[in-house]
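Novice: Attaching a single structure in structure tokens format; questions to follow.
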Amino acid sequence: MTKPDWIVIGAGVIGLSAAWALAQDGQRVEVVEASRVGDGTSSKAAGMLLPEVESVHSSQLFPMAAESLALYPAWVSALEGASGQAVGYAATGCLVLAEAKAFSKTWPGLPASLGSDLAAAQSGLAAGLAGCYLPNGAQVDPPLLMAALQTACLKAGVTIREHAAVTEIRRVADRWLGITAGQDRLVANHYLLATGAWTSELTAELDVDLGIFPVKGQMVELKAPVDALSAILFGPGVYLCQKQDGRVLVGATSERVGFDLAVSEQAVADLLTRAAKLLPVVASWPIQRSWAGLRPGREGLPVIEAISQNALAAVGHYRNGILLAPLTAARLCELARQIA
Ligand SMILES: Cc1cc2nc3c(=O)[nH]c(=O)nc-3n(C[C@H](O)[C@H](O)[C@H](O)COP(=O)(O)OP(=O)(O)OC[C@H]3O[C@@H](n4cnc5c(N)ncnc54)[C@H](O)[C@@H]3O)c2cc1C
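Just add 9 to the spot in the sequence shown (first one is 1) and you have my numbering.
Okay, structure coming up:
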């Protein structure tokens with residue numbers, strides 16, 4: 010292959026969304042991935058697209074999150090068209106829940122607007138809850154999303170090199186000259202760092218600290234009747250979202266414990282207890298799987314910017330990389346045109 014215009018390091022949702030967008034912009038793109046597409050964090054996410062709920066954690070995030078959500082329907086439609094694969098996008102809305110007496114403290118800024126309509130919004134809810142319905146909440150199915158992005162990238166001419174961990178970035182002054190990925194020394198005109206929670210391992214040798222740290226999230230998957238949930242249910246310390254084939258994801262812990270991916274029985278039990286406090290029938294749904302993923306944590310907003318003359322970074326999407334992918338890809342394309 011002739012020298013690519015871009016090497017993208019990391020085949021998560023951010024790296025592949027960017028690679029696909031750059032390829033659509035006429036760029037020759039190669040992606041290098043330490044493991045396999047999506048195996049970092051992106052395929053382990055719940056896939057919820059909830060700007061209002063997430064802004065309770067970070068108020069700075071709302072404008073960006075809302076802008077990205079607005080891009081989602083057209084982005085999904087283009088992606089499904091390009092790949093021929095569905096991504097499980099569903100505008101299901103979200104029911105934000107808490108004990109009635111604690112609602113305003115748990116969800117500052119959200120009104121407990123549903124009152125006696127709560128039972129109509131979702132059958133089987135526990136007694137004593139208050140709720141607020143967010144109609145624009147939506148979701149995708151992350152493994153399907155990653156598979157579709159991989160296909161769309163390949164069809165657009167992107168080369169994806171898996172099991173090729175980047176161990177070295179060669180530079181002179183402010184210019185990247187090449188990288189070592191697996192056994193190979195690779196060279197491109199431009200580079201994009203999209204290495205998620207592992208970014209600091211790679212940037213330790215560079216004079217850049219992007220402030221990324223891993224935040225572990227444990228999740229449980231239950232087998233439930235299809236259409237058991239009428240919306241995403243989001244309560245204190247727990248959420249439940251149902252995918253189109255019936256799987257219900259119950260998540261997620263939030264732990265600053267480094268690169269640990271172990272699942273603990275205690276965490277699973279705690280998540281299920283909290284879930285059953287919202288919807289008691291959950292206790293009867295069998296557990297299918299559980300796993301842990303590492304969010305690319307960062308204080309403040311994600312980094313989407315140039316970090317050298319010919320390298321961009323898109324990292325630190327923390328709890329919202331799936332939600333922010335379309336906007337991040339669009340912003341990266343603008344930056345790419347500026348440094349081309
Ligand atoms: C339990 C859980 C639930 C979540 N739920 C949601 C949700 O509902 N909605 C939402 O929007 N977000 C959610 N998130 C957050 C979301 O998953 C992340 O923000 C997103 O996946 C980050 O994408 P990324 O591409 O930056 O990172 P990743 O998907 O981790 O991709 C980075 C890739 O870089 C590769 N890499 C790292 N170092 C190197 C190297 N040296 N060389 C080559 N490759 C390298 C990794 O192997 C990895 O594949 C959740 C996360 C977790 C853990």
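Beta carbons are placed, not taken as given, at the ideal position from N, Cα and C, and that holds for glycine. Please read all numbers here as calculations on a predicted model, not as lab measurements.
Return the chain-ordered list of same chain residues with a C-beta closer than 7 Å to the C-beta of VAL96, the five sequence neighbours on each side being excluded.
Specialist: Excluding positions up to five away in sequence, the list reads VAL85, LEU88, GLU89, VAL149, ASP150, LEU153, LEU154, ALA157.
Novice: Where do the N-terminal and C-terminal ends of the alpha helix (DSSP H) with ARG340 fall, by residue?
Specialist: From DSSP, the alpha helix (DSSP H) with ARG340 extends over 330–348.
Novice: Would you check if there are 3 or more beta carbon pairs closer than 8 Å linking the stretch 109–116 to the stretch 14–32?
Specialist: No contact exists between the stretch 109–116 and the stretch 14–32.
Novice: For the beta strand (DSSP E) containing THR6, list its first residue and its last residue.
Specialist: The chain is shown only over 10 to 349; residue 6 falls outside these bounds and no answer can be derived.
Novice: Given the structure, does ARG304 come close to ligand 1, in the sense that its CB is under 6 Å from one of the ligand's heavy atoms?
Specialist: Because some heavy atom of ligand 1 lies under 6 Å away, the Cβ of ARG304 counts as near it: yes.
Novice: Can HIS172 be considered in contact with ligand 1, in the sense that its beta carbon sits closer than 6 Å to one or more heavy atoms?
Specialist: Answer for HIS172: no, Cβ out of range of ligand 1.
Novice: Going straight from the alpha carbon of ASP269 to that of THR208, what length do you get?
Specialist: Answer to the nearest angstrom: the Cα atoms are 16 Å apart.
Novice: Does DSSP put ASP279 in a helix, a strand or coil?
Specialist: If DSSP states are grouped into helix, strand and coil, ASP279 belongs with the helices.
Novice: Just to confirm, is the Cβ distance from PRO305 to VAL324 under 7 Å?
Specialist: In this structure, VAL324 lies closer than 7 Å to PRO305 by Cβ.
Novice: For a quick check, are the C-beta atoms of LEU238 and GLN251 less than 7 Å apart?
Specialist: Contact flag set, yes.
Novice: So LEU163 is in the alpha helix (DSSP H); what residue range does that whole segment cover?
Specialist: It spans 151–164 - the alpha helix (DSSP H) in which LEU163 sits, taken as one unbroken run.
Novice: CYS103 and ILE241: beta carbons closer than 7 Å?
Specialist: Yes, Cβ-Cβ distance for CYS103 and ILE241 is below 7 Å.
Novice: Using alpha carbons as the reference points, say which of LEU281, ILE188, ASP254, PRO120 lies closest to THR262.
Specialist: Measuring from the Cα of THR262, the nearest candidate turns out to be LEU281.
Novice: Between the Cα of ALA276 and the Cα atoms of VAL229, ALA338, LEU333, ALA315, which residue gives the shortest distance?
Specialist: Per the Cα distances, VAL229.
Novice: Tell me whether ILE169 is buried or exposed, calling it buried when 16 or more other Cβ atoms sit within 10 Å of its Cβ.
Specialist: It is buried - the Cβ of ILE169 has at least 16 other Cβ atoms within 10 Å.
Novice: If you scan the stretch 100–142 from start to end, which runs of the beta strand (DSSP E) of 3 or more residues do you find wholly inside it?
Specialist: If we require 3 residues or more, the beta strand (DSSP E) runs fully inside the stretch 100–142 come out as 103–108.
Novice: If I measure Cβ to Cβ from CYS342 and keep anything under 6 Å in the same chain, skipping five residues before and after, which residues do I get?
Specialist: Closer than 6 Å at Cβ, skipping near neighbours: ALA30, ASP34.
Novice: Flag LEU332 as yes when its Cβ comes closer than 6 Å to any non-hydrogen atom of ligand 1, and as no otherwise.
Specialist: Correct: LEU332 has its Cβ closer than 6 Å to ligand 1.
Novice: With H, G and I counted as helix, E and B as strand and the rest as coil, what does DSSP make of PHE268?
Specialist: Note: PHE268 maps to coil in three-state DSSP.
Novice: Output needed for ARG184: all residues of its chain with C-beta closer than 7 Å, excluding positions within five of it in sequence on either side, in chain order.
Specialist: Same-chain partners within the cutoff: SER317, GLN318, ASN319.
Novice: So who's on the other strand from ARG184, going by DSSP bridges?
Specialist: Paired residue(s): VAL181.
Novice: What residues in its chain sit with their C-beta under 6 Å from that of ILE221, if we drop five residues either side in the sequence?
Specialist: Once the five neighbours on either side are set aside, the close Cβ partners of ILE221 are THR208, SER209, PRO305, ARG307, VAL324, GLY325.
Novice: Leaving out five residues on either side along the sequence, give the residues of the same chain with a beta carbon under 8 Å from the beta carbon of ALA292.
Specialist: Correct list, in chain order: LEU281, ALA285.
Novice: Do ILE16 and ALA197 have their C-beta atoms within less than 7 Å of each other?
Specialist: Taking 7 Å as the Cβ cut-off, ILE16 and ALA197 qualify as a contacting pair.
Novice: Using 8 Å for Cβ pairs, my map puts GLY21 next to GLY205. What's the rounded Cβ distance?
Specialist: Sure, about 5 Å apart at Cβ, within 8 Å.
Novice: Taking ASP126 as the reference, which of PRO117, GLY118, ALA139, PRO120 has the closest Cα?
Specialist: Looking at the Cα atoms, ALA139 is the closest of the given residues.
Novice: In whole angstroms, what separates the C-alpha of VAL62 from that of SER44?
Specialist: Rounded to the nearest angstrom, the two C-alpha atoms are 32 Å apart.
Novice: What would DSSP say about PRO305, mapped onto helix, strand or coil?
Specialist: Reduced to three states, the DSSP call for PRO305 is strand.
Novice: Determine the contact status of VAL38 and PRO13, defining contact as a CB-CB distance below 7 Å.
Specialist: The answer is yes: Cβ separation under 7 Å.
Novice: Could you compute how far the alpha carbon of ALA338 sits from the alpha carbon of ALA109?
Specialist: Roughly 40 Å between the two C-alpha positions.
Novice: Got a sec: is the Cβ-Cβ distance from GLN227 to anything in chain B below 7 Å?
Specialist: In summary, chain B is missing from the structure at hand, where a single protein chain is found.
Novice: Would the C-beta of LEU249 count as close to ligand 1, meaning under 6 Å from any of its heavy atoms?
Specialist: LEU249 Cβ: outside cutoff for every heavy atom of ligand 1.
Novice: With burial defined as no fewer than 16 other Cβ atoms inside 10 Å of the residue's Cβ, what is the status of THR176: buried or exposed?
Specialist: Burial call: exposed.
Novice: Do LEU303 and PRO223 have their beta-carbon atoms positioned less than 7 Å apart in this structure?
Specialist: Yes, they are a contact pair.
Novice: For SER263, which of helix, strand or coil comes out of DSSP?
Specialist: Correct three-state label for SER263: coil.
Novice: Compare the C-alpha of LEU164 against each of GLN94, TYR200, VAL181, LEU336 and name the closest.
Specialist: Checking the displayed sequence, the identity of residue 164 turns out to be Lys instead of Leu. Residue GLN94 is the option with its Cα nearest to LYS164.
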